[in-house]
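Q: The structure's right below; bear with me while I get my questions together.
2 protein chains.
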Amino acid sequence: MNLTDYMQRQKAWIERSLNEWLPDLQTPPTRLHDAMRYSVMAGGKRLRPILALATGELVDADPEKLIKPALALEIFHTYTLIHDDLPCMDDDDLRRGLPTAHKKFDEATAVLAGDALLTLSFEWLAEHSGQLVTELAMAGGHAGVIAGQVADLAAEKNPPDAQMLDYIHLNKTAALLRCSIRIGAIAGKAPQETLNALSSFGTDIGLAFQIIDDILDSTADTDTLGKPAGSDQEQGKTTYVDVYGIDGARERATAMYQRAMATLREVDGDTTTLEHLAQFICDRDH
Amino acid sequence: MNLTDYMQRQKAWIERSLNEWLPDLQTPPTRLHDAMRYSVMAGGKRLRPILALATGELVDADPEKLIKPALALEIFHTYTLIHDDLPCMDDDDLRRGLPTAHKKFDEATAVLAGDALLTLSFEWLAEHSGQLVTELAMAGGHAGVIAGQVADLAAEKNPPDAQMLDYIHLNKTAALLRCSIRIGAIAGKAPQETLNALSSFGTDIGLAFQIIDDILDSTADTDTLGKPAGSDQEQGKTTYVDVYGIDGARERATAMYQRAMATLREVDGDTTTLEHLAQFICDRDH
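Each protein sequence line maps, in turn, to chains C and G.
To convert, note that position 264 of the first sequence is 264 in this note's numbering; the numbers rise steadily by one, no gaps.
To convert, note that position 271 of the second sequence is 557 in this note's numbering; the numbers rise steadily by one, no gaps.
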């Protein structure tokens, strides 16, 4: 398979569907809807819905029924970015090469656009089933993504050790990538054993994803990243590169990747797409 | 029936249950959990869960299954208060006689505590069914509560006319009260006709609730309200008292109340509790 073609095809489908289903600009409150669309349509790899759909393919989920939950993961992700960028959190001005929501609109609109995307993500999941709502609420709530963000903010004042760094990113990043994979698997009614294996796979590639992110932040340039390179260091964030060094961080990402691949080999069915996606995550340059 | 006793009994049950199910203070992130509990346990009438449970009684819903969705309405309401009080929105320092969340903790913690309560509300609803998630997501999202908040913020710059004032409060306040009643009705599998009647009832008492709120803000004192009296005027908010005068606003609230009661008389079953609650909403002094 050609992963680049696959990802481009999926990305196009995802963005066409987002454009179709996000609240339109003619209906009030237009400024809110404008802000929601601005941040969601700003681009990105669409990795979370792509992972959900690829996992769905593996376990024979109906893609037409999975697309809306997959999109829910993307707009949930967008909400976390909008709120994380706020002045009271990371205070970022640039995201994907564009002004962040509170810069483009205003702070109140950014908070409310985030709230609205968060709420809409559950509406879209509930169209499929209450079980998918539970999955995202648990992965994305006080014991998941938000716990990670709280620890991340605290870490700006007290530099974290290796263990705390894992706690932050297992929650802040890996939880949602793992959830994307679980949602695909649950939509296809995967047996418990498969679900467990895919969950471990998701956690490992989730953490690898973050390690690579930290490596890119310290080595790539701003144009390639679409956000200021070296911004972690500027904000006083402790990264995997700080704790393990560039080579050590790369080794750790590779170890995660290899463990993820070993887990995936235990799963029945055609795992080619997930293998390629895992490889992409650990090889990407942006 | 004695409504005061009934409300005190329900409030005690609701607060005991909230205390039991909110994330505990021993589990990290403790500061986040502390902030969530601080705002939820700060008091209040618990009107939304009380309405849901009272409606459930009317249509024979199992109260043990309805309690968690009822609590979801309360923590959703708390999330809206926390975010509305933020400096970028209404910039309020006092709520229910206590410092607001961003004053007691900090702004980032307040945003995240709101996000966490919003997310947890959907987790609690999904324990019952996906349908209840859909109800709250639609009432509370971009086309409901958030639309009301957006219009309310815009109204600080451009004073609203009577029609816009209704739009704001139909969305910002009435939508969630109506949703509370619908959730009780749906949990009891009420027939469509009953659901429609109860929805209209909810909208009318919801708007009456806001009109009374505006009247109290302009007439009661700070101690009785638990928030600064006259704060609407100070913030340049246009109220029902501004548009209709005190007597006119009272008349409008009474008309809403009477229409709500007329609608309720069409509903089969013992509507006594809902009648008393509607009366309380239109007669209250705080």
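From the three backbone atoms N, C-alpha and C, an ideal C-beta is built for every residue, glycine too.
These figures come from a predicted structure and were not determined experimentally.
Is it true that the CB of Glu360 of chain G sits closer than 8 Å to the CB of Pro335 of chain G?
A: yes
Q: Starting from the Cα of Leu112 of chain C, find the closest Cα among G:His369, G:Ala394, G:Lys458 and give me that residue.
A: G:His369
Q: Give the residues of chain C in contact with Met375 of chain G, contact being defined as C-beta atoms less than 9 Å apart.
A: Glu107, Ala108, Val111, Leu112
Q: For a test of the three-state rule: what should DSSP assign to Arg252 of chain C, helix, strand or coil?
A: helix
Q: Checking 8 Å against the spacing of the C-beta atoms, do Phe495 of chain G and Ala546 of chain G come in under that value?
A: no
Q: Indicate the three-state DSSP secondary structure (helix, strand or coil) for Pro335 of chain G in the structure shown.
A: The three-state reading of DSSP puts Pro335 of chain G in helix, counting H, G and I together.
Q: Using only alpha-carbon positions, find the residue among G:Pro446, G:Thr366, G:Asp518 that is nearest to Ala425 of chain G.
A: G:Thr366
Q: Since Thr524 of chain G and Pro446 of chain G should fall inside the 8 Å C-beta cutoff, what is the C-beta to C-beta distance between them, to a whole number of angstroms?
A: So it is a contact: roughly 5 Å between Cβ atoms.
Q: Going by C-alpha to C-alpha distance, which of G:His428, G:Glu479, G:Lys297 sits closest to Ala461 of chain G?
A: G:His428
Q: Indicate whether at least one CB of chain C lies closer than 8 Å to the CB of Gly416 of chain G.
A: yes
Q: On a CA-only basis, which of C:Glu57, C:Met1, C:Gly44 is nearest Ala187 of chain C? Give me that one, please.
A: C:Glu57
Q: Which first and last residues belong to the alpha helix (DSSP H) in which Arg31 of chain C is found?
A: It spans 30 to 40 - the alpha helix (DSSP H) in which Arg31 of chain C sits, taken as one unbroken run.
Q: Could you tell me which uninterrupted alpha helix (DSSP H) segments, each at least 4 residues in length, are contained entirely in the region 141 to 228 of chain C, listed from first to last along the chain?
A: 145 to 155, 162 to 169, 175 to 187, 192 to 219, 222 to 225
Q: Which word fits Arg551 of chain G, buried or exposed, when buried means at least 16 other C-beta atoms lie within 10 angstroms of its C-beta?
A: exposed
Q: Can you list, in chain order, the residues of its chain with a C-beta nearer than 6 Å to that of Asp378 of chain G? Leave out the 5 residues immediately preceding and following it.
A: Asp371, Thr386
Q: Taking the DSSP output, what are the residues bridged to Arg95 of chain C?
A: For Arg95 of chain C, DSSP records a beta bridge to C:Leu98.
Q: For Gln131 of chain C, which of helix, strand or coil comes out of DSSP?
A: helix
Q: Note down, in chain order, every chain C residue with its Cβ under 7 Å from the Cβ of Gly426 of chain G.
A: Thr119
Q: So is Phe408 of chain G in contact with chain C if we call contact Cβ pairs under 8 Å?
A: Yes, Phe408 of chain G counts as interfacial toward chain C.
Q: List the residues of chain A whose Cβ lies closer than 8 Å to the Cβ of Val133 of chain C, in chain order.
A: Among the protein chains of the structure shown, namely C and G, there is no chain A.
Q: Determine the burial state of Arg381 of chain G: buried for a count of at least 16 other Cβ atoms within 10 Å of its Cβ, exposed for fewer.
A: buried
Q: Can you find a C-beta in chain G that's less than 8 Å from the C-beta of Gln149 of chain C?
A: yes
Q: Which chain C residues are close to Leu462 of chain G, counting only those with a beta carbon under 7 Å from its beta carbon?
A: Within chain C, no residue comes near Leu462 of chain G; the closest Cβ sits about 12 Å away, beyond 7 Å.
Q: Below 7 Å CB to CB, which residues in the same chain sit around Leu463 of chain G once its five sequence neighbours on both sides are set aside?
A: Arg334, Leu337, Gly488, Ile491, Gly492, Phe495
Q: Quick one: residues in its chain with C-beta nearer than 7 Å to the C-beta of Met594 of chain G, no 5 flanking neighbours on either side, listed in chain order?
A: Nothing in the structure corresponds to residue 594 of chain G, since chain G is present only between 287 and 572.
Q: Residues of chain G with a CB under 7 Å from the CB of Asp115 of chain C: which are they?
A: His369, Leu404, Ile432
Q: What span of residues does the alpha helix (DSSP H) with Asn305 of chain G cover, start to end?
A: Residue range 289 to 307 is occupied by the alpha helix (DSSP H) that includes Asn305 of chain G.
Q: Report the three-state DSSP secondary structure of Asp533 of chain G (helix, strand or coil).
A: Correct three-state label for Asp533 of chain G: helix.
Q: Of the residues that make up the region 437 to 467 of chain G, which ones have a beta carbon closer than 7 Å to any beta carbon in chain C?
A: Ala437, Leu439
Q: By DSSP, does Arg284 of chain C sit in helix, in strand, or in coil?
A: coil
Q: What is the C-beta distance between Met322 of chain G and Leu308 of chain G, in whole angstroms, given that I count them as a contact (C-beta under 8 Å)?
A: By a beta-carbon distance limit of 8 Å, Met322 of chain G contacts Leu308 of chain G. Their separation comes to about 6 Å.
Q: Could you tell me the alpha carbon to alpha carbon distance between Asp283 of chain C and Gly248 of chain C, rounded to whole angstroms?
A: Going by C-alpha positions, Asp283 of chain C is about 16 Å away from Gly248 of chain C.
Q: Considering Cα atoms alone, identify which of C:Asp106, C:Val145, C:Asp285, C:Ala255 is closest to Phe76 of chain C.
A: C:Val145
Q: Secondary structure at Thr558 of chain G, three-state DSSP: helix, strand or coil?
A: Residue state for Thr558 of chain G is assigned as helix, using DSSP reduced to three classes.
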